[in-house]
Each structure stands twice: as structure tokens, then as C-alpha cells.
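Pasting the structure below:
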């Protein structure tokens, strides 16, 4: 990141501030959940998707819930703000499937 926002990674979750929004993932008894401000999305449900498009100078990250865009962020290509979130979800994927 470029010093503008801070992110926190822990064993039970991840969150970061993007502009005026707080975005994160945390583990619960019902499985992993993602939040955008006060809205919470169950990641065990099959109705979500994430799209990341990297260009030369910018990248766009979109989070979809039931086909509707819930978060769309455009940032500099060298800004790695969403990589910890991606890594977190990748690490938890095997735990989610076997939970």
C-alpha cells in the first residue's frame, strides 16, 4: 500500500479501509463471512463472485452478490490493498471445504 490506508491481518480475519468503506473477511461458527461496512455476506453461499482486472496503471476489483455489484474499487496497479484479502481467502479455502 502507499501509506494511505492500513490493513489488519489476523488468524481469524482481515479488514481494511478503502476510501470511506471498511471491507473485510472473518471466520464465524457458520463459516467465513465478508463485510462491507454494515452489510455481511456469507462466503459459504454459492451466490458471490470476485473479479480483479489488472492493467498497466490501474486495477479494478469487483465483488458481486447474487449478480449485483456490492463493491467496485479502482486503484493504482502497484497498490496491493486487495492481495492480503485474496491470500486470506486462498489460505482458508481448504478449511472452508472441510469445515
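Numbering (the numbering used here), first residue to last: 211 to 309. Ideal placement from N, C-alpha and C gives every residue a C-beta, glycine not left out. Keep in mind the model is a prediction, meaning the values are calculated, not measured.
- At a Cβ-Cβ threshold of 9 Å, residue 250 and residue 260 do not count as neighbours.
- About 16 Å separates the beta carbons of residue 273 and residue 264, which is beyond the 8 Å limit, so they are not a contact pair.
- Between residue 291 and residue 235, the gap from beta carbon to beta carbon reaches 9 Å or more.
- Per DSSP, the unbroken beta strand (DSSP E) holding residue 231 starts and ends at 231 to 238.
- Distance from the CA atom of residue 284 to the CA atom of residue 293, rounded to whole angstroms, is 14 Å.
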